[in-house]
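Trainee: Here it is, the structure in full.
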Ligand SMILES: Cc1cc2nc3c(=O)[nH]c(=O)nc-3n(C[C@H](O)[C@H](O)[C@H](O)COP(=O)(O)OP(=O)(O)OC[C@H]3O[C@@H](n4cnc5c(N)ncnc54)[C@H](O)[C@@H]3O)c2cc1C
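Given below as structure tokens:
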């Protein structure tokens, strides 16, 4: 059987999926084709987050889809990855929203929250009646969260938070922020609600990347929250890092979607553009470039799939996620840039998707651990030496 | 009142279709199959009736097709149908629309469905015959290409709107009946992921030829059409470029349209 070269699915990822996973992917793909693609270039151009899509995404069941409780779908981790892949085929901004809501907000509440916190927030977050954000990074350096300055001090039965968080996806639209702060006992997590006195958020303007996504700064000035708002089971930096592993896992899949969109557009262009008397696809160099894109997308697909299988089996190691996040985002960024170039001058227009994806992926390669950080994580695993 | 929705699975309209070398079918490898868009309207309409009306007890989705057709059935169940019937047997593969209608009629006759809804045509073979043929074989009235459907309060009849050239025709029909659905009736909601998972647990009856009483006799007696071959449409002759100044080119164009193409 001839390999599929349009999607592309050259190594037959579709054949490795269960029927459930295939149907989930088809359902989300349809949503992206019909609801996201027609508007997303305009959102990006005008720096607008398509908030109107959030209730639709919630109705589809895209938030917290791997949980078996709180009205969630109980999907496999591979299915979760496919959701992220399809969303990011639309735009990294939309995938970021879903990553934050599911991996960085619902996950810590589900894993580290009290029964009351779960009951209060998880159904609401699944339905997007509440939107969440995740505040770990600070103005003085995101790669080294161990040196965070934001702190929480006990005051009777309450906590007083002071500090600032920077580059926080969904910050100003969030109803609840998962905020990480140092305490006398180490790092702890707090659920801070919008409107709590002393908590403010402000959007970061002038971004040339993830323009269809909200990125904000959070400020805490003597912000008082009750002990019931602290995530009781989150102790130490390991808790926020486990959230990052969730989100990075989704990114490893998501990046493939962005690359697929760029590849398809480049291929379609090369098939019809006539230069020097021939379509571009008849040129050796163009074939080599397309083959190179296909090779890298195909290996990323298999990497993501194996990652998903390990996660479903419960044996996934976080350094494997690091390797895949690094590989797949680098792949997608290179594919997007090369597709942009293949499109010639038209490729600089937002009407073609590669420039938008390439610009978005500049954020994706930085957030959730920069490429360098993931290389150092893998390096440490190889050598046993901490070289940060 | 029980409602039956007939669903068909068709190749996604965005996939490029290639005909198999033997001309007996299209090449189905890697072709994405979806619910026939006109049948989507029927699914949504049936589910809305069930949601809005207490006297609508259940919605059953039915499909005739190979194992893969179960996916389309599952979509209907995820959107809200209560149970499914999957007519799956190699003996069903080559049936034409009339024979398929006879098969469905034989399978559902005892089901007591008051209303049967389906799309007005299928986007792959475009025959549009299944609805009318099914109505005939069930011996009930048929309303074609409805864009609006309103059940009477007593649940015994309904009014349907049909878009016809320059007007809208409004008809009143006593149940039981078959209605085929047109674009404009309603848009199918997206099946949610939790409902897709729950759909797996809804009951689906898989029926083979031997399970459908009267299949062999009825369908055998009908005769019917036999597929000869599929052929690609003839290739279009290449276009002609007219060079020169706009005035001369326009003149040459008019001359060609008149003398060669004979359209003016
Ligand atoms: C659009 C967007 C959305 C984001 N959303 C969120 C969010 O929702 N929540 C959140 O908490 N954060 C978020 N972030 C922040 C993101 O996680 C950080 O930007 C990231 O971790 C890097 O931190 P930094 O920007 O402070 O860079 P720095 O940590 O200052 O790094 C600067 C450079 O130094 C390199 N570097 C770092 N350490 C080493 C080393 N040991 N050796 C060699 N080189 C090194 C890095 O690779 C990088 O190139 C977001 C960022 C962006 C751009």
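Residue numbers (the working numbering), protein chains in the order written: chain A, -13 to 374; chain B, 1018 to 1281.
The beta-carbon is built from N, C-alpha and C at its ideal position, and this holds for glycine as well.
Determine the chain B residues that contact residue 232 (chain A) at a beta-carbon separation under 7 Å, and present them in chain order.
Mentor: Ordered by position in chain B, no residue passes the 7 Å Cβ test against residue 232 (chain A), which lies about 18 Å from the chain.
Trainee: Mind checking which residues open and close the beta strand (DSSP E) that includes residue 1103 (chain B)?
Mentor: For residue 1103 (chain B), the uninterrupted beta strand (DSSP E) run begins and ends at 1100 to 1104, by DSSP.
Trainee: DSSP state of residue 18 (chain A), grouped into three classes?
Mentor: helix
Trainee: Taking residue 319 (chain A) as the reference, give the member of A:27, A:224, A:249 with the closest Cα.
Mentor: Comparing Cα-Cα distances from residue 319 (chain A) to each of A:27, A:224, A:249, the minimum goes to A:249.
Trainee: Is there a C-beta anywhere in chain A that falls below 9 Å from the one on residue 1211 (chain B)?
Mentor: yes
Trainee: Are residue 294 (chain A) and residue 84 (chain A) close, meaning C-beta to C-beta below 9 Å?
Mentor: no
Trainee: Please confirm whether any heavy atom of ligand 1 lies closer than 8 Å to the CB of residue 120 (chain A).
Mentor: A distance criterion of 8 Å places the beta-carbon of residue 120 (chain A) in contact range of ligand 1, judged by its closest non-hydrogen atom.
Trainee: For the beta strand (DSSP E) that contains residue 212 (chain A), what are its first and last residues?
Mentor: 201 to 212
Trainee: Select from the stretch 1044 to 1063 of chain B all residues with a C-beta closer than 7 Å to any C-beta belonging to chain A, and list them in chain order.
Mentor: Cβ contacts with chain A come from 1046, 1047.
Trainee: Is residue 132 (chain A) near ligand 1 - that is, is its Cβ less than 8 Å away from at least one heavy atom of it?
Mentor: Result no, Cβ not under 8 Å from ligand 1.
Trainee: In terms of residue numbering, what span does the beta strand (DSSP E) encompassing residue 1185 (chain B) cover?
Mentor: 1184 to 1191
Trainee: So, are the CB atoms of residue 1093 (chain B) and residue 1197 (chain B) less than 9 Å apart?
Mentor: No. Outside cutoff.
Trainee: Using a C-beta cutoff of 9 Å, does residue 17 (chain A) count as contacting chain B?
Mentor: yes
Trainee: Excluding five sequence neighbours on each side, which residues of the same chain lie with their C-beta closer than 7 Å to the C-beta of residue 0 (chain A)?
Mentor: 8
Trainee: Exposed or buried, what is residue -6 (chain A) when buried is set at 16 or more other beta-carbons lying within 10 Å of its beta-carbon?
Mentor: buried
Trainee: Quick one, which of A:35, A:225, A:38, A:48 has its alpha-carbon nearest residue 10 (chain A)'s?
Mentor: A:48
Trainee: Nearest to residue 1149 (chain B) by alpha carbon, out of B:1121, B:1173, B:1167, B:1175?
Mentor: B:1121
Trainee: Would you list, in chain order, the members of the stretch 302 to 321 of chain A that have their beta-carbon closer than 9 Å to a beta-carbon of chain B?
Mentor: Under the 9 Å Cβ criterion, the stretch 302 to 321 of chain A contributes no residue.
Trainee: Which residue from A:175, A:262, A:205 puts its Cα closest to that of residue 229 (chain A)?
Mentor: A:175
Trainee: Can you give me the C-alpha to C-alpha distance between residue 1272 (chain B) and residue 1280 (chain B), rounded to a whole angstrom?
Mentor: Cα-Cα distance, rounded: 10 Å.
Trainee: Roughly how many angstroms lie between the CA atoms of residue 1069 (chain B) and residue 302 (chain A), to the nearest whole one?
Mentor: 47 Å
Trainee: Compare the C-alpha of residue 1172 (chain B) against each of B:1048, B:1165, B:1132 and name the closest.
Mentor: B:1132
Trainee: What residue does the alpha helix (DSSP H) around residue 71 (chain A) start on, and which one ends it?
Mentor: 63 to 76
Trainee: Report buried or exposed for residue 71 (chain A), applying the criterion of at least 16 other Cβ atoms within 10 angstroms of its Cβ.
Mentor: buried
Trainee: Does residue 235 (chain A) come out as helix, strand or coil in the three-state DSSP assignment?
Mentor: helix
Trainee: Between the Cα of residue 1225 (chain B) and the Cα atoms of B:1253, B:1081, B:1054, B:1157, which residue gives the shortest distance?
Mentor: It is B:1081.
Trainee: When the distance is taken between beta carbons, is residue 1201 (chain B) closer than 9 Å to residue 1164 (chain B)?
Mentor: yes
Trainee: Taking residue 361 (chain A) as the query, report the chain B residues whose CB atoms sit under 8 Å from its CB, ordered along the chain.
Mentor: Against chain B, a Cβ distance below 8 Å from residue 361 (chain A) picks out nothing, because the smallest value is about 35 Å.
Trainee: Nearer than 8 Å: is that true of the beta carbon of residue 127 (chain A) relative to any heavy atom of ligand 1?
Mentor: Ligand 1 approaches residue 127 (chain A) closely enough that one of its heavy atoms is under 8 Å from the residue's Cβ.
Trainee: Can you list the residues of chain A that residue 1088 (chain B) reaches, using a CB-CB cut of under 9 Å?
Mentor: From the beta-carbon of residue 1088 (chain B), the residues of chain A found nearer than 9 Å are 5, 8, 9, 12.
Trainee: Using DSSP with H/G/I as helix, E/B as strand and the rest coil, what is residue 1293 (chain B)?
Mentor: Nothing can be reported for residue 1293 (chain B): it is not among the residues displayed for chain B, which extend from 1018 to 1281.
Trainee: Confirm the yes/no value for this check: CB of residue 353 (chain A), any heavy atom of ligand 1, distance under 8 Å.
Mentor: yes
Trainee: Could you pull the start and end residues of the alpha helix (DSSP H) that residue 338 (chain A) belongs to?
Mentor: That residue, residue 338 (chain A), is in no alpha helix (DSSP H); it is neither H nor E in DSSP.
Trainee: Kindly list the residues whose CB is nearer than 6 Å to the CB of residue 210 (chain A), restricted to its own chain and excluding five residues on each side of it in sequence; keep chain order.
Mentor: If we look at residue 210 (chain A) and ignore the five residues flanking it on each side, its Cβ neighbours are 144, 146.
Trainee: When you compare only the Cα positions, how much space is there between residue 1057 (chain B) and residue 1020 (chain B)?
Mentor: 15 Å
Trainee: List the residues of chain B that residue -10 (chain A) touches, going by C-beta distances under 7 Å, in chain order.
Mentor: Neighbours of residue -10 (chain A) on chain B, chain order: 1047.
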